[in-house]
Amino acid sequence: MEKKNLDWENMGFSYMQTDKRYVANYKDGKWDEGGLIDDANIVMNECAGVLQYSQSVFEGLKAYTTEDGRIVTFRPDLNASRMVDSAKRLEMPPFPEDRFVDAVIQVVKANAAYVPPYGSGATLYIRPYMFGINPVIGVKPADEYQFRIFTTPVGPYFKGGAKPITICVSDFDRAAPHGTGHIKAGLNYAMSLHAIVTAHANGFDENMYLDSATRTKVEETGGANFIFVTKDNKVVTPHSSTILPSITRRSIMYVAEHYLGLEVEERDVYFDEVKDFAECGLCGTAAVISPVGKIVNHGEEICLPSGMEKMGPITQKLYDTLTGIQMGHIEAPEGWIQVIE
Ligand SMILES: *Cc1c(COP(=O)(O)O)cnc(C)c1O
């Protein structure tokens, strides 16, 4: 298969149309058999449920070329099951998990020419999503849905190394107790846009959201979970029912315990104890781990001992081990790597 002639080293994180996408439709109480199509555009009624009441959920994962030239994805079964949870919370019909994984494989195979080569740092981003498509004007769930997956090549998240970022404690809340913070829905992002634009205008890279009930505990950022490292090398991550369960974060906690032999804790993390941590990082599919160097709370600065030049040593080990597993030069736990071809 001939690769596309793209400038793999200098790609950003933006949409580029690729050849094929997967589409399945839900109508009369069942999903059709689905398949690959060429048309990147969607025609829907002006009153479609998604346009009126935002009934939509999504996922995000990546395909990589490994050192030995295979194309693989990372734990797509967890994206499949998380999307089932998201769909149920928004009264949408779950897309079957085995079909989700099969659809990911089909769409990546069909766009293999866009999977960046090993060593370029770029990857093929895979975006599964589903939404209510029939007209809905009275407030209720749609009756018809579309499930789609498109792919787009994206550049290395960090160009020239991962520089620590500065984040601020947001005055806005991301998720309500008993709300939708734990599902991957566009609605959680729509309401975070004002907060992130405000943070950027104030010179910060990201927001740290606190729990909205008490505003004493660390939750997550708009699109990544936190990990912290204590001064005695324990890896700590916040436990909360209003955090999106990041697959990267869950994998990092496993790697910390089982590959690096570190103690791990998933528990309440009070903002008051953040000043005592040695390292801090943000985890998600896009960056794997972004190191945090400074956290600002209304002018009061917490400077992590790992500094503003490079990742802390434990964060670096976690990053190297997890990306090593993904790129195929460290043996993966059973079932983590889905070979596409
Ligand atoms: C997608 C997402 C993450 C990261 O999850 P991964 O599965 O690691 O990509 C974290 N927080 C939020 C709010 C998200 O939407």
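Count the sequence shown with the working numbering and you get residues 3 to 343, in order.
Ideal Cβ positions, reconstructed from N, Cα and C, are used throughout, including at glycine.
At least one heavy atom of ligand 1 lies closer than 7 Å to the C-beta of Leu-246. Within a 10 Å sphere around the beta-carbon of Ala-215 sit fewer than 16 other beta-carbons, which makes this residue exposed. Beta-bridge pairing by DSSP links Gly-37 to Val-25. The closest heavy atom of ligand 1 lies 7 Å or more from the beta carbon of Asn-209. Separation of the CB atoms of Thr-244 and Gly-183 is rounded to 4 Å, and the pair is thereby assigned contact status at 8 Å. Assignment of alpha helix (DSSP H) within the stretch 63-92, counting only whole runs of 4 or more residues, yields 78-91 in chain order. At least 8 Å separates the beta-carbon of Tyr-28 from that of Gln-108. When only Cα atoms are considered, Glu-99 and Val-74 end up about 18 Å apart.
In chain order, Asn-227, Ile-229, Thr-239 and Cys-285 place their CB closer than 7 Å to the CB of Arg-251, counting only its own chain and leaving out the 5 sequence neighbours on each side.
Counting C-beta atoms within 10 angstroms of its own C-beta, Ser-88 has 16 or more neighbours from the protein chains shown and is therefore classed as buried. By the Cβ neighbour-count rule, Leu-212 is buried, with 16 or more other Cβ atoms within 10 Å of its own. In this model, Leu-246 and Lys-186 are separated by some 7 Å (Cα to Cα). As a beta-bridge residue in DSSP terms, Thr-239 pairs with Glu-268.
The way I'd put it, the stretch 186-203 doesn't touch the stretch 146-159; fewer than three beta-carbon pairs between them come closer than 8 Å.
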